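FYI, my numbering numbers position 77 of the sequence shown as 67, with every residue one higher than the one before it.
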Amino acid sequence: MYTGRDFKSREDLASCVEGGMKVTVFQSRKTKFFTHAKCPQNGIVSIQGPHITVTPEDYKTGHEKNKVCHHSWFTQVRLENGIIKEVL
């Protein structure tokens, strides 16, 4: 899962949440195993970032076979009504 805003680090996310910013999460529609999964509204979930942008050109060149994961941070968060309340 990803955050609604593209945070470059876990620390940026944590400081915004602690500062009162309302941050949501979403599940990428391009994920093979979770294509139709809905995001939970409450509980603890794992998220990653920053977002990976895939262009139509990437699909033509077979990026999925050669691309290394560009996520530089992973964390768990506690959700309440779809809003991140705490970065764990």
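Note that the Cβ used here is the ideal one computed from N, Cα and C, for glycine as well. Only a predicted model underlies this, so the values are computations on that prediction, with no experimental measurement involved.
Measuring C-alpha to C-alpha distances from residue 17 to each of 10, 62, 35 and 63 identifies 35 as the nearest.
The three-state secondary structure of residue 62, taken from DSSP, is coil. Straight through space, the alpha carbons of residue 40 and residue -3 are spaced by roughly 6 Å.
Secondary structure at residue 13: coil, using DSSP grouped into helix, strand and coil. With a 10 Å radius around the Cβ and a threshold of 16 neighbouring Cβ atoms, residue 3 comes out buried.
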